[in-house]
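Here is the structure we will look at, set down as structure tokens.
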Amino acid sequence: MPSKQKASDPVTHLIGGAVSGLCACIFVQPLDLIKTRLQQQQQAHLAFIKQGGQAGLSIAPLESTIWKTVFGIVKEGSVLSLWRGTAPTIVRNVPGAAMYFTVLNEARTLLARRKINNGADLSETNNASGSALPKLSNTENLVAGGASRAAIGFVMMPATVIKVRYESNLYNYKSMSGAFTSIFRTEGIRGLWAGFGATAMRDAPLAGLYVLFYEQAKTYLGNLRTTSPYFDVSTPTIHMVAGVTAGFFSTTLTHPFDMLKTRMQLKPAEYRNVLQAARKVLLVRPLILNLEKM
Numbered sequence: 001m002p003s004k005q006k007a008s009d010p011v012t013h014l015i016g017g018a019v020s021g022l023c024a025c026i027f028v029q030p031l032d033l034i035k036t037r038l039q040q041q042q043q044a045h046l047a048f049i050k051q052g053g054q055a056g057l058s059i060a061p062l063e064s065t066i067w068k069t070v071f072g073i074v075k076e077g078s079v080l081s082l083w084r085g086t087a088p089t090i091v092r093n094v095p096g097a098a099m100y101f102t103v104l105n106e107a108r109t110l111l112a113r114r115k116i117n118n119g120a121d122l123s124e125t126n127n128a129s130g131s132a133l134p135k136l137s138n139t140e141n142l143v144a145g146g147a148s149r150a151a152i153g154f155v156m157m158p159a160t161v162i163k164v165r166y167e168s169n170l171y172n173y174k175s176m177s178g179a180f181t182s183i184f185r186t187e188g189i190r191g192l193w194a195g196f197g198a199t200a201m202r203d204a205p206l207a208g209l210y211v212l213f214y215e216q217a218k219t220y221l222g223n224l225r226t227t228s229p230y231f232d233v234s235t236p237t238i239h240m241v242a243g244v245t246a247g248f249f250s251t252t253l254t255h256p257f258d259m260l261k262t263r264m265q266l267k268p269a270e271y272r273n274v275l276q277a278a279r280k281v282l283l284v285r286p287l288i289l290n291l292e293k294m
């Protein structure tokens, strides 16, 4: 008779999430900064295109690349400028990741126990891939990941708004406390949650899809390791490949909402809600294509 799988220690997930969040902040911050600047440049070009179109002017296409953006950021100060906004990112990601992994594990364990109470057979687990989590259905993985991410995203939203504005060059905050005070004074409490709708529409599907793709890839690779003599890899390698695969597909599918989120957080007065922001982008984009062909 198979033994019942023991639930993971919440403290382990809390510490693991915090450490992974800190590492991600340090190593990925330059890429996050570049992404924000590229989205900001596109936003500024959209406004310029619109004004030029109203004046009957021909506008040159936006020639912005990753390398041009990198060089522009470095010219602002030094190579260390690529880590602009790291402090608010750490404030957001370290506790955010710690809480997310803890809440996700508790949600998955709760769903698994619910299945046990309903008489489901949970003897089948992801032992081939070394998983310490209960095996859930695709729908349960989506729900657990999405709900956990949306809840933590709401709690950490003020830090997210400050992070995005730090990464742009539209604001010149001297400190995080100064940024918080400035936003609260000029935009009210609502300003600290600017773009939450778009953030939730990005984060919830992203996290849900990530967990779904991750578990599917991990199970597939784990089974492949046990059945194929040519696929002899370690468990950490399986987890890494599954994580990269899940991250690529989930990020690609939810990127439009990330773009809307950035615009709403940088210019909340211009992009007031998700529908209005999406409509504005969809209406202006054909205008750009027409003017750039003139």
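Reminder that position 246 of the sequence shown reads as 246 in UniProt numbering, one-by-one numbering, no gaps.
Yeah, the Cβ is synthetic: ideal placement off N, Cα and C, and Gly gets one too.
Checklist line | Beta carbon of T245 nearer than 8 Å to that of A217 | finding: yes
Notebook entry, point to check: In terms of alpha-carbon separation, which member of V11, G146, L22 and R113 lies closest to Y210?
Noted result: G146
Check: Would V79 be called buried (16 or more neighbouring beta carbons within 10 Å of its own) or exposed?
Finding: exposed
Next item on the list: Tell me where the alpha helix (DSSP H) around S228 begins and ends.
Entry: Taken as a continuous stretch (DSSP letters only), S228 belongs to no alpha helix (DSSP H), as it is neither H nor E.
Checklist line | Cβ pair S168, A107 closer than 8 Å | finding: no
Check: Which of helix, strand or coil does DSSP assign to E270?
Finding: coil
Note to self: For the structure I just gave you, are there three or more beta carbon pairs, one from the region 178 to 192 and one from the region 231 to 239, closer than 8 Å?
What the structure shows: no
Notebook entry, point to check: Who are the near neighbours of L224 in its chain, counting only those whose CB is closer than 6 Å to its CB and skipping five residues on each side?
Noted result: F231
Item checked: Alpha-carbon spacing of I34 relative to I66, whole angstroms -> 7 Å
Next item on the list: Grab me the residues of residue 295's own chain with a C-beta within less than 6 Å of its C-beta, minus the 5 sequence neighbours each way, in chain order.
Entry: Given that the chain is displayed from residue 1 to residue 294, the structure contains no residue 295 and the question cannot be resolved.
Margin query: I need the straight-line Cα distance from R113 to T227, nearest angstrom please.
Written below: 30 Å
Next item on the list: Within 10 angstroms of the Cβ of R92, are there 16 or more other Cβ atoms? Answer buried if so, exposed if not.
Entry: Answer is buried; the Cβ neighbour count reaches 16.
Notebook entry, point to check: Looking at the structure shown, is N105 part of a helix, part of a strand, or coil, going by DSSP?
Noted result: helix
Note to self: By the three-class DSSP mapping on this structure, what secondary structure does V233 have?
What the structure shows: coil
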